[in-house]
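**Q**
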Amino acid sequence: MSCFECCIKCLGGVPYASLVATILCFSGVALFCGCGHVALAGTITILEQRFSTNATDHALLSEVIKLMQYVIYGIASFFFLYGIILLAEGFYTTSAVKELHGEFKTTICGRCISGMFVFLTYVLGVAWLGVFGFSAVPVFMFYNIWSTCEVIKSLPVNMTASADQICVDIRQYGIIPWNAVPGRACGSALADMCNTPEFYLSYHLFIVACAGAGATVIALIHFLMILSSNWAYLKDASKMQAYQDIKAKEEQELQDIQSRSKEQLNSYT
1 MSCFECCIKC
11 LGGVPYASLV
21 ATILCFSGVA
31 LFCGCGHVAL
41 AGTITILEQR
51 FSTNATDHAL
61 LSEVIKLMQY
71 VIYGIASFFF
81 LYGIILLAEG
91 FYTTSAVKEL
101 HGEFKTTICG
111 RCISGMFVFL
121 TYVLGVAWLG
131 VFGFSAVPVF
141 MFYNIWSTCE
151 VIKSLPVNMT
161 ASADQICVDI
171 RQYGIIPWNA
181 VPGRACGSAL
191 ADMCNTPEFY
201 LSYHLFIVAC
211 AGAGATVIAL
221 IHFLMILSSN
231 WAYLKDASKM
241 QAYQDIKAKE
251 EQELQDIQSR
261 SKEQLNSYT
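Going by this note's numbering, the first residue of the sequence shown is number 1, and it counts up by one from there.
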């Protein structure tokens, strides 16, 4: 076999679908975890400076956000390992399908592992649908604040009284208690908050994190289709192997019967 033919054979065994899904999964998880971590830190800064000057009012929220940041570390580590495992499983099933008629044999354990990955990927896909929906909540909140800021900016300069009547009350979202001070930002204070880099950075990072969660959901759906197809291929391969084994056994028995008949005929003659 020449070098070119060897390269073509190696490239033919690459699971390109699993490779694309792995890259998409890594990209989505990286965007969600990285942008989400920084956006949560910026949200705490905005909350402490603009809406809750008393630390006891948002102590529980701060602990929840810190816990979510640690959960993000775990999610990133888990999906990095899980993506590599699914890519390796894609290489295994691709080799199993392409070498059905060779010495490669699929085992019951391999098929069970493939089925387990199908179930686990399905569960993770459903969970990430919830994560995607949850990540849209801060985007909705920041969008409402940004829209209010745009209303204030569109008012004429001499209408300061009307601007002071335009407020954003963060307590209505339930993230801080109703007795938090000040709890809301109005007029010029709200406009100043909207002009801070923390606000715009957190807003855009939450959007990117939501997009990353959506990309992860798409990647898991892609993985689920690949794993289901590969599991069906392995199931058919096992049936084909069983048929070939039975056929080979019957042919061997037929050859044995013919050889014994020839021996008996020679002994008679």
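Every residue, glycine too, gets a C-beta built ideally from N, C-alpha and C.
Looking only at DSSP bridge pairs, what is ASP169 linked to?
**A** Answer is ARG184, bridged to ASP169.
**Q** Can you give me the Cβ contacts of VAL208 inside the same chain, cut-off strictly under 6 Å, excluding the 5 residues immediately before and after it?
**A** Around VAL208: LEU31 and CYS35.
**Q** List the whole-angstrom C-beta distance separating GLY170 from PHE80, where the pair is believed to meet the contact cut-off of C-beta under 8 Å.
**A** Note on residue identity: the sequence assigns Ile, not Gly, to residue 170. With a Cβ gap of about 35 Å, ILE170 and PHE80 do not count as contacting.
**Q** Say whether the segment 116 to 134 touches the segment 217 to 227, bearing in mind that this needs 3 or more beta-carbon pairs closer than 8 Å, one atom from each stretch.
**A** Contact holds: three or more Cβ-Cβ distances are below 8 Å.
**Q** Check whether the segment 178 to 191 and the segment 59 to 77 touch, using three or more Cβ-Cβ pairs below 8 Å as the test.
**A** Result no; under three Cβ-Cβ pairs closer than 8 Å.
**Q** For TYR143, tell me which candidate among PHE199, GLY28 and VAL123 has the shortest Cα-Cα distance.
**A** The candidate whose alpha carbon is nearest that of TYR143 is PHE199.
**Q** With the cut-off set at 8 Å, would you say LEU61 and ILE175 are in Cβ contact?
**A** It is a contact, given that the beta carbons lie within the stated cut-off.
**Q** Is it buried or exposed, ILE23, if we count other Cβ atoms within 10 angstroms and call 16 or more buried?
**A** Classification of ILE23: exposed, given that the 10 Å Cβ count is below 16.
**Q** Taking only the alpha-carbon atoms, compute the straight-line gap between THR45 and CYS186 and give it to the nearest angstrom.
**A** About 18 Å.
**Q** Please report the straight-line C-alpha distance between CYS33 and VAL137, rounded to a whole angstrom.
**A** Straight-line Cα distance between these residues: approximately 16 Å.
**Q** Give the range of the alpha helix (DSSP H) segment to which ILE23 is assigned.
**A** 16 to 46 is the span of the alpha helix (DSSP H), which, as asked, contains ILE23.
**Q** Closer than 7 Å by C-beta to ILE72: which residues in its own chain qualify, once you throw out the five before and the five after it? Chain order, please.
**A** The residues are CYS33, GLY36 and HIS37.
**Q** Look at the Cβ atom of ILE226, then the Cβ atom of GLY83, and state whether they are nearer than 8 Å.
**A** It is not a contact, given that the beta carbons lie outside the stated cut-off.
**Q** Let me check understanding here. Comparing Cα to Cα, which of LEU47, ALA76, TYR16 and GLN49 lies closest to ALA213?
**A** Comparing Cα-Cα distances from ALA213 to each of LEU47, ALA76, TYR16 and GLN49, the minimum goes to ALA76.
**Q** Is it buried or exposed, THR56, if we count other Cβ atoms within 10 angstroms and call 16 or more buried?
**A** Flag for THR56 reads exposed.
**Q** State buried or exposed for ASN54, treating a residue as buried only when at least 16 other CB atoms are found within 10 Å of its CB.
**A** Classification of ASN54: exposed, given that the 10 Å Cβ count is below 16.
**Q** Kindly give me the distance between the Cβ atoms of THR148 and LEU190, rounded to whole angstroms, as I take these residues to be in contact under 8 Å.
**A** About 7 Å; that satisfies the 8 Å criterion.
**Q** Leaving out five residues on either side along the sequence, give the residues of the same chain with a beta carbon under 8 Å from the beta carbon of PHE206.
**A** Closer than 8 Å at the Cβ level, and outside the excluded window around PHE206, lie CYS35, GLY36, ALA39, SER135, PRO138, VAL139 and PHE142.
**Q** Kindly indicate which residue of CYS210, GLN172, VAL168 and TYR173 has the alpha-carbon position closest to the one of MET193.
**A** Among CYS210, GLN172, VAL168 and TYR173, the Cα nearest to that of MET193 belongs to VAL168.
**Q** Let's test the definition: count the other Cβ atoms within 10 Å of the Cβ of GLY102 and tell me whether it reaches 16, buried, or not, exposed.
**A** Any reading at GLY102 must be qualified, since the residue scores a pLDDT of 46, below 50, and its modelled position is unreliable; the value itself is stated next. Answer is exposed; the Cβ neighbour count stays below 16.
**Q** With a threshold of 8 Å between beta-carbons, can VAL118 be considered close to chain B, or not?
**A** Structure shown: chain B not included; a single protein chain is present.
**Q** Nearest to LEU124 by CA position, among SER188, ALA211 and PHE78, is which residue?
**A** When only C-alpha atoms are compared, the closest one is PHE78.
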